[in-house]
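To start, the structure under review is shown below, and the notes come after it.
Numbering (the working numbering), first residue to last: 865 to 1388.
This is the structure in structure tokens:
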């Protein structure tokens, strides 16, 4: 029996960009489209030509700047206006001139919305869809029809929703997309309703698509239910971006369909690109990816409990539902106070460190003592590696701290000046450097670089990307112990380091100095 096939229609550039906090430039949209094509989705919805200058520029630049190999670019719009004419409708005219071979138009399919929102008759609602599809087909375009509010409309008046779909199909639409616009439909309802639509159209060669929002937290489940009922296309977004709570998430839908439901989606050899594309798009939209995101999250295959890591060391599938490498991710052993030898041993082995049982035991005791004092090594991979290396006998020789001093001065014009002086040793040479900064961490960082930068040019590539402080014992007020986490990068890789103290400057120095030591270690 041959595998079934579902088209993947991505609307990150249009529906996904409606997420609060996302504002894509035209260059952003072009780069994301390149990533989607590299992943292998069937359709990329580029935006709504005529709606804003940004989308107009995108469709103008796309033909010359996008070299799509696997994906079809789609322009999005709506049906003609109520009681209007297709040949003078601006929206339809923009679609024809958008330089795409395929278009997708949205139209009302719910009696309630036709009567209350459009304030027109049901017959006119049907005509708006039919006329628009026919006009675009006569212009030589492939047409997909998004039936807005379909599921709510079907529950209220199934006869009318089917009548709208029938009109779109008769006018030449190749795919009828059933939209859960408000996101309130549940999986069992989806499976029943989609099955009714598939049965109604039978073998007429009409594709049935589904488009879900995640307002009820069931967007992915709804998409899978729709495919079970016979849908041949799923519309969604990378990482689930979208208005309100988001659209159904293609980074979960694609592997669920292909790896677990024997449904062909993107090319199998491109499945390993799923995690890199997810992370790349997250960087482009400037929204931090949820580390717990299924399949693609940093923690999706991270194991912390000793029981789990012990089992995985023997059999990878013991606590992993799929091989992480299939989706471009990887197994991670998270080290914390819950760790056992089976967690630390593979971590040390991966670093090329030969630690015997006694050394592993000492590391475990040290780790548990430090975590009891407030350290959090599962969030500080750089500090953990340095801890393991020291257990193997390694000691960093980039510098030895003698002392440092930080002075903050308030000036009369209500400005603050921070100055740091650092005294340290490099080999047998004593070095002293002073620097100003916009705060204690910046001043210390600048002073340290001034002292040893000539000896270690790699420092110029290393810079801080995030600085987080957490108060660990709020009952002590301003005297509480604080935890500082610093994220750093050299442009190629990122790492995190940690410091803990009841003095926030000391905690910051711990995290900062380890960050620079780790960066120098991986370079030198």
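Cβ coordinates follow ideal geometry from the N, Cα and C atoms, glycine included.
In this structure residue 1290 is in contact with residue 1319, their Cβ atoms being roughly 7 Å apart against a cut-off of 8 Å. Considered as a whole, the segment 921-987 harbours 954-960, 975-980 as its complete alpha helix (DSSP H) runs of no fewer than 4 residues, in chain order. Contact between residue 880 and residue 1111 holds: CB atoms are separated by about 6 Å, below the 8 Å threshold. By the 16-neighbour rule on beta-carbons within 10 angstroms, residue 1087 is buried.
C-alpha of residue 1357 to C-alpha of residue 1369: approximately 26 Å in a straight line.
Following the DSSP letters along the chain, one finds residue 1300 inside the beta strand (DSSP E) bounded by residues 1293-1301. Counting every other CB atom within 10 Å of its CB across the protein chains shown gives residue 1310 a total of 16 or more, marking it as buried.
Using a Cβ distance threshold of 8 Å, residue 1299 and residue 1322 do not count as a contacting pair.
With respect to the C-alpha of residue 1164, the residue from 1123, 1116, 1091 having the closest C-alpha is 1116. Close CB contacts of residue 1292 within its chain, under the 6 Å cut and outside five residues either way in sequence, are absent. Counting along the chain, residue 1019 sits inside the alpha helix (DSSP H) bounded by residues 1014-1020.
Residue environment for residue 1193: buried (at least 16 other C-beta atoms within 10 angstroms of its C-beta).
Exclusion of the five residues before and after residue 1140 leaves 1192 as the residues of its chain whose Cβ lies within less than 6 Å of its Cβ. Comparing alpha-carbon positions, the option among 1243, 1123, 1149 lying closest to residue 1185 turns out to be 1123.
In the three-state reduction of the DSSP assignment, residue 1097 falls in the strand class, which pools E and B. Beta-carbon to beta-carbon, residue 1017 and residue 1080 are separated by about 17 Å, too far to satisfy the 8 Å threshold. Shortest Cα-Cα distance from residue 1219 to any of 1249, 1245, 1345, 1235 involves 1249.
A straight line joining the alpha-carbon of residue 952 with that of residue 1195 spans about 57 Å.
For residue 1245, there is no enclosing beta strand (DSSP E); the residue is part of the alpha helix (DSSP H) that begins and ends at 1245-1255. The C-beta separation of residue 900 from residue 935 comes to about 6 Å, placing the pair in contact by the 8 Å criterion. Shown here, residue 1364 sits in a strand according to DSSP, grouped into three states.
Comparing C-alpha distances from residue 1036 to each of 1314, 940, 1063, 1007 shows the shortest one belongs to 1007. Closest in alpha carbon position to residue 878, among 1023, 1305, 913, 1021, is 913. Note: residue 1068 is not bridge-paired with any residue in the DSSP secondary-structure output. In this chain, the beta strand (DSSP E) harbouring residue 1284 covers 1280-1290. Remark: C-beta atoms of residue 923 and residue 873 do not approach each other more closely than 8 Å. Contact between residue 1039 and residue 1071 holds: CB atoms are separated by about 4 Å, below the 8 Å threshold.
A Cβ-Cβ separation of about 4 Å places residue 1015 in contact with residue 1049 under the 8 Å criterion.
For the set 1142, 1093, 869, 1051, the Cα lying nearest the Cα of residue 1159 is the one of 1142. Collapsing the DSSP output to three states places residue 881 in a helix. Residue 919 carries a helical assignment under DSSP once its states are collapsed to helix, strand and coil. Judged by beta-carbon spacing, residue 968 lies beyond the 8 Å limit of residue 1013, meaning their Cβ atoms are not closer than that value. A residue is called buried when at least 16 other Cβ atoms come within 10 angstroms of its Cβ; residue 1258 does not meet this threshold and is exposed. Here DSSP, grouped into helix, strand and coil, assigns residue 1056 to helix.
About 12 Å separates the beta carbon of residue 1113 from that of residue 1146, a gap too long to meet the 8 Å contact definition. Bounds of the beta strand (DSSP E) holding residue 1327 are 1327-1335.
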